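Going by the working numbering, the first residue of the sequence shown is number 1, and it counts up by one from there.
Note that the Cβ used here is the ideal one computed from N, Cα and C, for glycine as well.
Note that the structure is a prediction, hence the values are computed from the model and not measured.
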Amino acid sequence: MLTGCPERSAPPATSASPAQPKVASAPQPSQVASSAALAAEAPCTLDTQLVPGIPGSPGHLIPSAINPNGNSELAEHMRTMQSELKLARAAIERGEKVAPLWPRFRKIRCVWPTNQSDRNAAFDASAQSYLQAVAALDAAPPVDAAKAYGRVLDGCRACHEQSCGGAIPAIEALRMTAPDKK
Ligand code: HEC
């Protein structure tokens with residue numbers, strides 16, 4: 001049976017991992033995140049308090065065809081990022097500019113996971129370095145977009161290697177050169 005993290009195959013990340021990027025995070029005021037779209041300026045950090053009772057929160061999982069238990073808000077967000085990156089890959093291959101992803105992807109830091117202990121400092125540090133790669137893709141001219149796109153997937157993978165190894169094949173299938181890409 002699939003859970004939020006399919007085939008959880010790696011132990012939880014330790015805070016002392018040397019691969020862990022160092023991130024200096026300025027203290028930010030705690031603020032309640034809106035469930036749907038984040039306003040461009042709304043804070044979304046590890047300190048952001050999540051709203052109980054919204055879709056994807058504990059006890060309110062979102063019905064899913066893939067996951068019989070239902071999806072957390074974070075699992076839904078992962079699926080959204082996955083399908084948006086598939087579209088982005090096609091656009092990059094056509095030489096088109098990709099619409100900015102960071103404004104929608106950044107909520108990875110302030111949504112409900114299936115297991116609340118997954119939203120921890122190591123997760124947040126990985127999320128920040130992943131989001132830096134997303135911002136770099138947004139800023140990349142078309143000639144550099146393929147490389148920047150690959151770095152976004154490296155960011156997906158780096159976090160999953162620490163916390164949720166079962167999704168790595170799904171991440172690798174998003175590569176520009178993935179053999180099974182449609
Ligand atoms: C900062 C850590 C982190 C990053 C970055 C990250 N993930 Fe995840 N991912 C997780 C965690 C934790 C879960 C488990 C979510 C849950 O159950 O609430 C997950 C779950 C998933 C799932 C399974 C969702 C489901 O239906 O159960 C997929 C697929 C996935 N991630 C793909 C991706 C892709 C693609 C990217 C990059 C675009 C990405 N992840 C980036 C941590 C991360």
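Using the rule of at least 16 other Cβ atoms within 10 Å of the residue's Cβ for burial, across every protein chain shown, is residue i buried or exposed?
i: Glu96; result: exposed
i: Leu137; result: buried
i: Pro141; result: exposed
i: Leu174; result: buried
i: Ser83; result: exposed
i: Lys107; result: buried
i: Ser72; result: buried
i: Thr177; result: exposed
i: Gln128; result: buried
i: Val143; result: exposed
i: Gln162; result: buried
i: Pro18; result: Here Pro18 scores only 40 on pLDDT, less than 50, and its place in the model should not be relied on; the value that follows carries that caveat. Exposed: under 16 other Cβ atoms inside 10 Å.
i: Gly53; result: exposed
i: Ala167; result: buried
i: Gln28; result: Because the pLDDT of Gln28 is 38, which lies under 50, any placement of that residue in the model is unreliable, and the question is left without a value.
i: Ala145; result: buried
So residue i and residue j are in contact, right, with Cβ under 8 Å, and what is the actual spacing, rounded?
i: Gly59; j: Glu76; result: No, Gly59 and Glu76 are not in contact; Cβ-Cβ is about 15 Å, not under 8 Å.
i: Leu74; j: Trp112; result: 6 Å
i: Ser126; j: Cys164; result: Ser126 to Cys164, Cβ: 11 Å. No contact.
i: Arg109; j: Thr45; result: 6 Å
i: Tyr149; j: Ala65; result: With 8 Å as the limit, Tyr149 and Ala65 do not qualify as a contact, their Cβ atoms being about 28 Å apart.
i: Arg151; j: Ala139; result: That pair is no contact at about 12 Å.
i: Met202; j: Phe105; result: With the chain covering 1 to 182 only, the question about residue 202 has no answer from this structure.
Checking contacts by CB at 7 Å: is residue i closer than that to chain D?
i: Ser64; result: The displayed structure is made up of one protein chain only, and chain D is not part of it.
Bridge partners for residue i per DSSP, in chain order?
i: Asn67; result: Answer by DSSP bridge pairing: none, since Asn67 is not bridged.
Threshold first: 3 residues or longer. Then list the beta strand (DSSP E) segments lying entirely within the region 127-151, N to C.
Those beta strand (DSSP E) runs which fall completely within the region 127-151 and span 3+ residues do not exist here.
Enumerate, from N- to C-terminal direction, the unbroken alpha helix (DSSP H) stretches of 4 or more residues contained entirely within the region 54-128.
73-93 and 102-105
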